[in-house]
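Enquirer: Take this structure, written in structure tokens, and hold onto it; I'll ask about it next.
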Amino acid sequence: PPAPAAAAPVASGSNMTGMAMPADAKMAKGTGTVTAVDATAGTITVDHAPIPEAEWPAMTMGFKATPALAQSVKVGDKVAFDLKLQGGAGEITAIQKQ
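Here the sequence shown is numbered in my numbering, starting from 6 and rising by one per residue.
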């Protein structure tokens, strides 16, 4: 009998593997001021301007981020960031001090 078709590899752990985004994910950009950083938990809290792509008003909220990204900023930094939006939440995929 023919061998079963191999399942597509599933990316786990690092977000750097398998850059394909789920069908319901979309990208957005935001700007704001960092109000908290937790590199251990992998979160950056940003007091951000409205994000039209997410239909979010200006607010302060925490986002998931890799430890390396979290360590690259500190409280008080004015930042521009890229978000991956999925399921009503955002994950910072890139962040730059302004």
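Even glycine gets a Cβ: it sits at the ideal position worked out from N, Cα and C.
I need the straight-line Cα distance from K102 to A70, nearest angstrom please.
Expert: Locating residue 102 in the sequence shown gives position 97, counting from the first residue. Locating residue 70 in the sequence shown gives position 65, counting from the first residue. Cα to Cα, K102 sits roughly 15 Å from A70.
Enquirer: So, using beta-carbon positions, are G81 and V39 closer together than 8 Å?
Expert: The sequence position of residue 81 within the sequence shown is 76, counting from 1. The sequence position of residue 39 within the sequence shown is 34, counting from 1. In this structure, V39 lies closer than 8 Å to G81 by Cβ.
Enquirer: Tell me the residue span of the alpha helix (DSSP H) that contains Q76.
Expert: Taking the sequence shown and counting its residues from 1, one reaches residue 76 at position 71. Note, Q76: alpha helix (DSSP H), 72 to 76.
Enquirer: In three-state terms, what does DSSP make of A94?
Expert: Within the sequence shown, the letter at position 89 stands for residue 94. In the structure shown, A94 sits in a strand (DSSP, three-state: E or B).
Enquirer: Quick one: is A73 buried, meaning 16 or more other Cβ sit within 10 Å of its Cβ, or exposed?
Expert: Start at 1 with the first residue of the sequence shown, and residue 73 comes out as number 68. Answer is exposed; the Cβ neighbour count stays below 16.
Enquirer: Would a C-beta distance cut-off of 8 Å place I97 and I49 closer than the cut-off?
Expert: Position 92 of the sequence shown holds residue 97. Position 44 of the sequence shown holds residue 49. For I97 and I49, yes; Cβs fall inside 8 Å.
Enquirer: Using 10 angstroms around the beta-carbon of S19, count the other beta-carbons present and answer buried if the total reaches 16, otherwise exposed.
Expert: Against the sequence shown, residue 19 aligns to sequence position 14. Because S19 carries a pLDDT of 43, less than 50, the predicted location of this residue cannot be relied on, and no value is offered for it.
Enquirer: Report yes or no: is there a C-beta of chain C within less than 8 Å of the C-beta of T98?
Expert: The structure shown contains no chain C; it is built from a single protein chain.
Enquirer: Can you tell me whether K83 is buried or exposed? The criterion is at least 16 other CB atoms within 10 Å of its CB, across all chains shown.
Expert: Here residue 83 corresponds to residue number 78 of the sequence shown, with the count starting at 1. With fewer than 16 Cβ atoms within 10 Å of its Cβ, K83 is classed as exposed.
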